[in-house]
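Trainee: What follows is a structure written as structure tokens; I'll ask about it next.
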Amino acid sequence: MTLTVIIDTVTIKKDGAFNKVVFESTGRVWHCINQDMIYDEDYMYNTILSQRSNYNFFTYYNENDPLLSNTTPKEYTDDEIKLLYAIDPYGVANYVQRYAGELFYEDGLEGVLGYKDYVFKLLFKREPKYFARTLTGSWYETTDKSNLSAVISESEEIFGMHPIYDALTILALCGFVLEIAGIVFSTSFFTTGAIKTCIGNVCKTCVRVLSVGEAIVKNELISYTSNSIIESAFEKTDLAWAYKFVSIYDNLQEIADSIVAEPNYYNEILNYCAHDTGYAIYVELKNGAKQTIEDIYDAMGNH
Numbered sequence: 006m007t008l009t010v011i012i013d014t015v016t017i018k019k020d021g022a023f024n025k026v027v028f029e030s031t032g033r034v035w036h037c038i039n040q041d042m043i044y045d046e047d048y049m050y051n052t053i054l055s056q057r058s059n060y061n062f063f064t065y066y067n068e069n070d071p072l073l074s075n076t077t078p079k080e081y082t083d084d085e086i087k088l089l090y091a092i093d094p095y096g097v098a099n100y101v102q103r104y105a106g107e108l109f110y111e112d113g114l115e116g117v118l119g120y121k122d123y124v125f126k127l128l129f130k131r132e133p134k135y136f137a138r139t140l141t142g143s144w145y146e147t148t149d150k151s152n153l154s155a156v157i158s159e160s161e162e163i164f165g166m167h168p169i170y171d172a173l174t175i176l177a178l179c180g181f182v183l184e185i186a187g188i189v190f191s192t193s194f195f196t197t198g199a200i201k202t203c204i205g206n207v208c209k210t211c212v213r214v215l216s217v218g219e220a221i222v223k224n225e226l227i228s229y230t231s232n233s234i235i236e237s238a239f240e241k242t243d244l245a246w247a248y249k250f251v252s253i254y255d256n257l258q259e260i261a262d263s264i265v266a267e268p269n270y271y272n273e274i275l276n277y278c279a280h281d282t283g284y285a286i287y288v289e290l291k292n293g294a295k296q297t298i299e300d301i302y303d304a305m306g307n308h
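Number 138 in my numbering belongs to position 133 of the sequence shown; there are no gaps in the numbering.
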């Protein structure tokens, strides 16, 4: 006889226009963000999403009076991270990006990438690949990590990228600086100290812009790694499955019919949630009734 040890009982509930995950024993609540699985800086400027992420990141967050918040980052176990990623991948990606940047900032890229790579391995059960660019801008896989500023980890496709500073960046920067220098020293108007200082500051800013280019770098790299874990595992997956369960359906049959009518990777995710997380997971449906993920999985014809 096999004895199954349950880590905790978890309930997925509707939470306004979103959903939430409630851990029974600790009382901890994860506020789902229900967006794409890849960290995107564009969402940083969305007040609603940033406030929800604060609830997940801070030990205590007071939306009405942020000064009363406890901004110490929350700590999650490996099991919790794996479970939450299956339910709310973007929320976890956001958390990992913020946690790496805040707690490992003083360790530099070695610490930041070390944490992101650790979570990647935790989720996908393998080490992330590393990539670099040629002078023509083409990406290639590499094992050379001697200069972390010049390479991108596969984990950063999900958890946010660091500024890349490689030979291509330097060439672009040199061309820009030479162009500015030509203007500065060929025009008498630019000979005053104040103007030269201003131009110098512009050049410094451009160093950062040219070294970051995150949106471009991200698109280029994801395009190059189009057969990576990201596309193969999630491109055809409905990432809002948990929110649909709690806001649309009233019973198991409705859920099963919907999934059968529009097949995707629900089966893989639900099988994981039903049998492999170590948690007893309940879903509170639209009418308030609760069903286990295992019941939902079985209702799809999986036994």
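Note that CB positions come from ideal geometry on N, CA and C, so glycine has one too.
(1) With respect to the beta strand (DSSP E) encompassing residue 15, which residues constitute its N-terminal and C-terminal limits?
(2) Please report the straight-line C-alpha distance between residue 280 and residue 299, rounded to a whole angstrom.
(3) Is there contact here, the region 49 to 69 with the region 112 to 119, by at least three beta-carbon pairs under 8 Å?
(4) Among the candidates 287, 302, 301, whose CA atom is the shortest distance from the CA of residue 295?
(5) What did DSSP end up calling residue 284 once you bin it into helix, strand or coil?
(6) Mind checking whether residue 138 and residue 173 have CB atoms under 9 Å apart?
(7) Give the DSSP bridge partners of residue 137, in chain order.
(8) Could you give the C-beta distance for residue 27 and residue 19, rounded to a whole number, given that I count them as a contact under 8 Å?
(9) Please work out which residues of its chain come closer than 7 Å, Cβ to Cβ, to residue 106, disregarding the five sequence neighbours upstream and downstream, and give them in chain order.
(10) Bridge partners for residue 25 per DSSP, in chain order?
(11) Below 8 Å, how does it come out for the region 117 to 135 and the region 55 to 70: are there three or more Cβ pairs, yes or no?
(12) Along the chain, which unbroken stretches of the alpha helix (DSSP H) at least 4 residues long are found entirely within the region 36 to 106?
(13) Taking 8 Å as the limit between beta carbons, can you name the residues of its chain near residue 15, skipping five residues before and five after?
(14) Which of helix, strand or coil does DSSP assign to residue 160?
(15) Which same chain residues, not among the five before or five after residue 250, have their C-beta less than 6 Å away from its C-beta?
(16) Classify residue 21: buried if its beta carbon has 16 or more other beta carbons within 10 angstroms, exposed otherwise.
(17) Pull up the distance between the alpha-carbon of residue 103 and that of residue 291, whole angstroms please.
(18) If residue 39 and residue 271 are in contact, beta carbons under 8 Å, what's the gap, nearest whole angstrom?
(19) What is the rounded straight-line gap between the Cα of residue 144 and the Cα of residue 278?
(20) On the three-state DSSP scale, how would you describe residue 289?
(21) Residues bridged to residue 258 by DSSP?
(22) Are there 16 or more other CB atoms within 10 angstroms of the CB of residue 183, so buried, or fewer, so exposed?
(23) Cα-Cα, which of 136, 260, 141, 302 is closest to residue 152?
(24) Kindly give me the distance between the Cβ atoms of residue 101 and residue 121, rounded to whole angstroms, as I take these residues to be in contact under 8 Å.
Mentor: For this structure:
(1) For the purposes of this step, residue 15 is taken as residue 10 along the sequence shown, with counting starting at 1. Element bounds for residue 15: 14 to 20.
(2) For the purposes of this step, residue 280 is taken as the residue at position 275 of the sequence shown. For the purposes of this step, residue 299 is taken as the residue at position 294 of the sequence shown. Distance between the alpha carbons of residue 280 and residue 299 is about 7 Å.
(3) no
(4) The count along the sequence shown starts at 1 and reaches residue 295 at position 290. Considering only alpha carbons, the answer is 287.
(5) For the purposes of this step, residue 284 is taken as residue 279 along the sequence shown, with counting starting at 1. Reduced to three states, the DSSP call for residue 284 is coil.
(6) The residue labelled residue 138 in the question sits at position 133 within the sequence shown. The residue labelled residue 173 in the question sits at position 168 within the sequence shown. Against a cut-off of 9 Å, the Cβ pair of residue 173 and residue 138 comes out as a contact.
(7) Within the sequence shown, numbered from 1, the residue matching residue 137 stands at position 132. Paired residue(s): 145.
(8) The residue you call residue 27 lines up with position 22 of the sequence shown. The residue you call residue 19 lines up with position 14 of the sequence shown. About 11 Å; that fails the 8 Å criterion.
(9) As a first step, residue 106 is located in the sequence shown; it is residue number 101 there, counting from the start. Once the five neighbours on either side are set aside, the close Cβ partners of residue 106 are 117.
(10) Counted from its first residue, the sequence shown places residue 25 at position 20. According to DSSP, residue 25 bridges with 18, 36.
(11) no
(12) 52 to 62, 83 to 92
(13) Position 10 of the sequence shown, counted from the first residue, corresponds to residue 15. Cβ within range, chain order: 26, 27, 28, 29, 88, 284, 285, 286, 287.
(14) For the purposes of this step, residue 160 is identified with residue 155 of the sequence shown, where counting begins at 1. In this structure, residue 160 counts as coil in the three-state DSSP scheme.
(15) Position 245 of the sequence shown, counted from the first residue, corresponds to residue 250. Around residue 250: 288.
(16) Translated into positions along the sequence shown, residue 21 becomes position 16. Classification of residue 21: exposed, given that the 10 Å Cβ count is below 16.
(17) The residue you call residue 103 lines up with position 98 of the sequence shown. The residue you call residue 291 lines up with position 286 of the sequence shown. Each residue's alpha carbon lies about 33 Å from the other.
(18) Here the question's residue 39 lines up with position 34 in the sequence shown. Here the question's residue 271 lines up with position 266 in the sequence shown. Actually they do not touch by this definition, with Cβ atoms about 16 Å apart.
(19) Looking up residue 144 in the sequence shown gives position 139. Looking up residue 278 in the sequence shown gives position 273. So the alpha carbons of these two residues sit roughly 36 Å apart.
(20) Counting from one through the sequence shown, the residue named residue 289 turns up at place 284. The answer is strand: DSSP assigns residue 289 an E or B state.
(21) In the sequence shown, residue 258 corresponds to position 253, counting from 1. Beta-bridge pairing links residue 258 to no other residue.
(22) Start at 1 with the first residue of the sequence shown, and residue 183 comes out as number 178. Below a pLDDT of 50, predicted positions are generally treated as unreliable, and residue 183, at 48, falls in that range; no measurement from the model is reported.
(23) Position 147 of the sequence shown holds residue 152. Ranking the options by Cα distance to residue 152, first place goes to 136.
(24) For the purposes of this step, residue 101 is taken as residue 96 along the sequence shown, with counting starting at 1. For the purposes of this step, residue 121 is taken as residue 116 along the sequence shown, with counting starting at 1. About 6 Å separates the two Cβ atoms, so the contact holds.
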